[in-house]
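Heads up: the sequence shown is residues 841 to 1126, going by this note's numbering.
Cβ atoms here follow ideal geometry from the backbone N, Cα and C, with glycine treated the same way.
Please read the structure below before turning to the comments.
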Amino acid sequence: ASNFSGPITADVTKDTFACSAAVATGTAVTTSTTFSEPAEVAVDSSSNLYVADSGNNRVVEITPSGAVTTLLSAGNGLSDPEGVAVDAAGAVYVADTDNNEILEYSGGTVTKLAPGFVFNQPAGVAVDSSGNVYVADTGSNAVQEISASGTVTPLGGSFAFNQPYGIAVDSSTGDVYVADTGSNQVVEISGGTVTVLPGTYSQPFGVAVDSAGDVYVANTDDAEIQMITPSGSVTTVAGSSATPTGSCSASPPVIQTPFGVTVNAGGDLYVADYTANQVCELTPGS
């Protein structure tokens, strides 16, 4: 059943997240690394962060202490990877966008999922607790589910997606959330029913959901992160009306081009700031 009980008209308010540069400053993540067009982010239960660093054709893991490990790269054949997800067992899933593939990286082994299916510029990927993988198949204007057995099923019925990019799944409910970038909408797919969620967006690229059912949206062209509660209220939690600078250490943080967003168990947000070439950690402020 849907998490959302509130009205479709939005109550838009402002809130503030404090910003920490501990995860990334754009050129360093404690140890030295340089991002290039980081597109999506994912976080596991230990707060290890995974970044689809699309311009560098790689996926990296960043530990809470700041150690950086490249998991997959152009040497593995990656080309513009834009989506990343991680499951409870630590397997990492990658939307290898320009290769039109979905990959699973587990224990050092790379597996192509649904190899007989033709994806078209897949950008977003998510995974639930049962091992089902969800794909924002951007170029096909479709959302696909890859079952644990490898069967591919389109989701959303007759809903007309328009360049869906970001995707997230609430494992407790099975509800799937999609940033439908081309239509400037965020939608929920619940039990076969598609609901357009509250809020006014401009090219939203990223979406995430926390354990309370709050949905976070990377509202890209407005340079903001917004939160939608289950009751339907919409709050801007990061970004400002000031000229976007990509300064995640500003107060409040001034994000330049937020693409990917994810949230850990403690409520900390991680944002991939695409044109600022950085990943920000946003911790809840008062």
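- Under DSSP, V958 forms no beta bridge with any residue.
- Cβ contact annotation for D968 (same chain, cutoff 6 Å, sequence separation greater than five): V1009, S1011, in chain order.
- It is roughly 18 Å from the alpha-carbon of P1038 to the alpha-carbon of V1101.
- In the structure shown, the three-state DSSP call for T1021 is helix.
- The closest CA to that of D1108, considering only F875, E877, V883, is found on V883.
- Q1096 is the residue among I986, G1006, Q1096, Y933 whose C-alpha sits nearest the C-alpha of D1061.
- A925 carries a strand assignment under DSSP once its states are collapsed to helix, strand and coil.
- In the assembly as shown, S876 is an exposed residue. Its beta-carbon has fewer than 16 other beta-carbons within 10 Å.
- Note that the C-beta distance between A1112 and P921 is not below 8 Å.
- A contact is defined here as three or more CB-CB pairs under 8 Å, and the region 1013-1020 fails this definition with respect to the region 887-906.
- Using a 10 angstroms sphere on the CB of V975, the tally of other CB atoms reaches 16 or more, which defines it as buried.
- With distances taken between CA atoms, G1053 lies nearest to T1069 out of D977, I1065, T1069, A931.
- Pairing Q1066 with P1124, the inter-Cα distance amounts to about 13 Å.
- In the DSSP assignment, the residues bridged to N1059 are P1044, E1064.
- Beta bridge pairing from DSSP links T1115 with no other residue.
- Between I986 and A966, the gap from beta carbon to beta carbon reaches 8 Å or more.
- Bounds of any beta strand (DSSP E) do not take in G906, whose DSSP letter is neither H nor E.
- In the assembly as shown, V881 is a buried residue. Its beta-carbon has 16 or more other beta-carbons within 10 Å.
- Short of 6 Å from the beta carbon of P904, and not among the five residues preceding or following it, lie these beta carbons of its own chain, in chain order: S887.
- P994 counts as exposed, since fewer than 16 other beta carbons sit within 10 angstroms of its beta carbon.
- Judged by beta-carbon spacing, A1048 lies beyond the 8 Å limit of E1064, meaning their Cβ atoms are not closer than that value.
- The alpha-carbon of T873 is positioned some 19 Å away from that of F1099.
- Take the alpha-carbon of T909 and the one of R898: they are about 10 Å apart.
- For I1029, same chain residues with a beta-carbon under 6 Å away, outside a window of 5 residues either side, are L995, G996, V1016 in chain order.
- Taking 8 Å as the cut-off, the beta carbon of G964 is found closer than this to the beta carbon of P1004.
- V1119 and T1076 have their C-alpha atoms some 19 Å from each other.
- If you compare the alpha carbons of N1117, L912, T1013 with that of G948, the shortest gap goes to L912.
- Under the DSSP assignment, T951 falls in the beta strand (DSSP E) whose first and last residues are 949-952.
- Burial check for V1036: the Cβ neighbour count within 10 Å stays below 16, so the residue is exposed.
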